[in-house]
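Note that my numbering has the sequence shown beginning at 18, numbered continuously upward. Quick notes on the structure that follows.
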Amino acid sequence: MILERINGIRDLRKLSIDELNTLAGEVREYILDVISGIGGHLASSLGVVELSIALHYVFNTPRDKIIWDVGHQCYAHKILTGRREAFRTIRQYKGLSGFPKICESEFDTFDVGHSSTSLSLACGMAIGRDLDKKSHKVIAVIGDGSLTGGMAFEALNQIGHLQNDIIIILNDNEHSISQNVGALSMYLTRIISGTMYNRIRRKSMEIVKRIPKVGTIIFQLLYRFFGSFKSMIVPGQLFEDMGIRYFGPINGHDIAQLLEIFERVKRINQGPKIIHVLTKKGKGYLPAEMKPVQFHGIGPFDKATGISRENKSLSYSEIAGRTLAHLADTDAKIVAVTAAMKQGTGLFEFENRSPERFFDVGIAEQHAVTFAGALAACGFKPFVSIYSTFLQRAVDQLIHDIGIMNLPIKLLIDRAGVVGQDGETHHGLFDIAILKNIPNFVLLAPSSGEELRDMIFFASRYDRGPVAIRYPRGNADSKNFRIGDYRKFRPGKIKRLTAGGDLAIFTFGDMVSVAFQIRDKLLEKRIRTTIVNLLTIKPLDVKGIERVIGGTGCCITLENGIISGGAGEYILSSIAAPLRKNILFCAGFPDRFIPHGTGSELFKEFGVDADSLARRILKQMK
Ligand SMILES: Cc1ncc(C[n+]2csc(CCOP(=O)(O)OP(=O)(O)O)c2C)c(N)n1
């Protein structure tokens, strides 16, 4: 095994090209062994094994800086840079992060997780280097999906203008999570087919020329015919026109080719360069090559068959997607918008059934929100399905393009709360604090499949302003969920789930089940609990809440979000002043970035699990 000898980057640089090829196979197997057991971003990482090897082989890392966009494709990079054994702990509680982390290694140049940041980072690092009169290389690795993000364009604009020495590796696998979309993606495809076309053109001209007598005439006709495709002959002209030298396309699985082009480009010390590298998502593992979307991010699976080991029942995302698709069948004004997350947010059914009203805008959350605002202004009912963490990108759009005009867009905020192993860049802990402070927004939170269905039904008919529905990652309680069984939902009304005179728990969403566990624990101590499902975070049912507090005397609030600026503090500041002392505490996540781990590990660490909360309540009630 060559991999066993790779304890750091120096060991890699001693290998021959043949050995590098063998190493690529071993790294793939190792990634598969580990990720099939615990889950992770598999397909993207398998696609860049040769690229990672070649980059670290040619460039003088960590002095030269490699910046991975999103960072989900960093597994080979981690294995090669001294973290081979630690890789077994990746994405697990207190183990390696699934993304680059500067605190983990000097080879990780920046903390990432959200897309389209690498070019801004490369631009900043290159300018920093030049101001400091240093001479190392700065290399950004960006996927064709991430290149659809607005930030990437903003950075290209500056990079082309300033002309610092920057190397951009465009890792083109024609996929974002799903098949990539948009005009730029089509342009990249034209480059690839253009080079194929060039090869065909050259070959056919050579053959025709050799035909006796008529050969020259046919050659001239063909020449004219091919001439009409001139734009294809100069690949990457778009980048060249922006002042960025284009190289490629290069086969990203041919190590010798990669080494050659990297050596060549490394020697050009001036100006920005882009190397267009073609890779296959899931390379080397047939199930992932066949189903790159499913294997983009996957839970534990059987390595031999590729079949998932997860117990799947209906998730909140699936319920949201199905409900929206069903409503859109009979309501021609409903439009669905996603920023490259149609699988994750369950919108594929909508796309199949109402393709003309389905819009994947690329990794462009800001555009998604403003685009939806325009649709709402035209009388449509745009639903933007978006993960809580990625909605953070569009805060100004929510205020400036939606809130101020009170436009009736509908946000389906998926993965709200702690998301688990993707960690601090991906937890959806800030959405309540953001949205509840934007005037005009109605903010809802279901605790079951049927509540989500009814809230979406409500949102589809509500035209007085924007509505946001936040729901967690994972399976929903769906025992009472039937598609189409819509019941009237009225926002701004709490729901008492249990009656008990000693304590009230005000909660919502997935924390309702935790409240029931607390109730059971307290009952052992003869404390009877009223559980209140808020359902609506804004506008708050202040009167209803005050009535409950008046009845129980003391209460807590409990949420899967940050405490500061969250629903609990909102209750605290909204109820009549004399009642405030009755709130024992507001439970949720503290003013810290929450690391990676399973949901239950994180709830426990931060004292938001039933055991810790029951103990804390008992202590305070005494
Ligand atoms: C701002 C933001 N939106 C959405 C995502 C979710 N996401 C993670 S990877 C990915 C696709 C990236 O595509 P590409 O850059 O081509 O990399 P590939 O996975 O194809 O290697 C998306 C949409 C994200 N990480 N950040």
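Even for Gly, the Cβ is constructed at its ideal location relative to N, Cα and C. Predicted model, so just to flag it, every value in this text is computed and none were measured.
Check whether residue i and residue j have beta carbons under 7 angstroms apart
i    : j    : result
G568 : E576 : no
V386 : Q414 : yes
V66  : V44  : yes
P266 : L295 : yes
I83  : I156 : yes
F475 : F498 : no
A357 : I380 : yes
V484 : K427 : yes
V412 : I449 : no
Q438 : R108 : yes
I336 : G466 : yes
K643 : H192 : A query on residue 643 cannot be resolved here, the shown segment of the chain reaching from 18 to 639 and no further.
G56  : P317 : yes
F256 : I291 : yes
S402 : L364 : yes
N190 : V158 : no
A627 : I535 : yes
H512 : D558 : His is not the amino acid found at residue 512; the sequence shown has Lys there. Not a contact, by the Cβ cut-off of 7 angstroms.
G390 : L429 : no
Separation of residue j from residue i, as counted between CA atoms
i    : j    : result
P607 : G583 : 11 angstroms
R545 : L539 : 7 angstroms
I261 : Q254 : 9 angstroms
S132 : D161 : 11 angstroms
A604 : S61  : 37 angstroms
Q383 : V198 : 16 angstroms
L408 : H58  : 21 angstroms
G420 : K555 : 14 angstroms
T524 : I548 : 8 angstroms
H444 : S405 : 8 angstroms
S629 : V87  : 35 angstroms
G323 : Y47  : 15 angstroms
I634 : L601 : 8 angstroms
P79  : G130 : 20 angstroms
E373 : S334 : 21 angstroms
R632 : F620 : 14 angstroms
R22  : L63  : 21 angstroms
S325 : G616 : 20 angstroms
T165 : T355 : 13 angstroms
Beta carbon proximity, residue i to chain C, threshold 7 angstroms
i    : result
R470 : The structure shown contains no chain C; it holds only a single protein chain.
For residue i, the three-state DSSP class (helix, strand or coil)
i    : result
K283 : helix
H58  : coil
S248 : With a pLDDT of 47 at S248, under the threshold of 50, the modelled position of this residue cannot be trusted; read the value that follows with caution. In the structure shown, S248 sits in a helix (DSSP, three-state: H, G or I).
I455 : coil
N369 : helix
N174 : helix
N492 : strand
T387 : helix
F533 : helix
S114 : coil
Q109 : coil
F256 : helix
R326 : coil
S33  : coil
V559 : helix
L428 : strand
E121 : coil
T569 : helix
Does the segment 169-182 come into contact with the segment 147-160, if we say contact requires no fewer than three beta-carbon pairs (one atom in each stretch) closer than 8 angstroms? yes
Okay, do the segment 475-489 and the segment 423-434 touch, 3+ Cβ pairs below 8 angstroms being the bar? yes
Mind the definition here: the segment 33-47 touches the segment 263-274 only if three or more C-beta pairs lie below 8 angstroms; say whether that holds. yes
Inter-stretch contact (C-beta, 8 angstroms, three-pair minimum) for the segment 340-357 and the segment 65-73: no
Specify whether the segment 325-341 and the segment 491-500 touch according to this definition: at least 3 beta carbon pairs, one from each stretch, less than 8 angstroms apart. yes
Count Cβ pairs between the segment 135-143 and the segment 92-104 that sit closer than 8 angstroms; are there 3 or more? no
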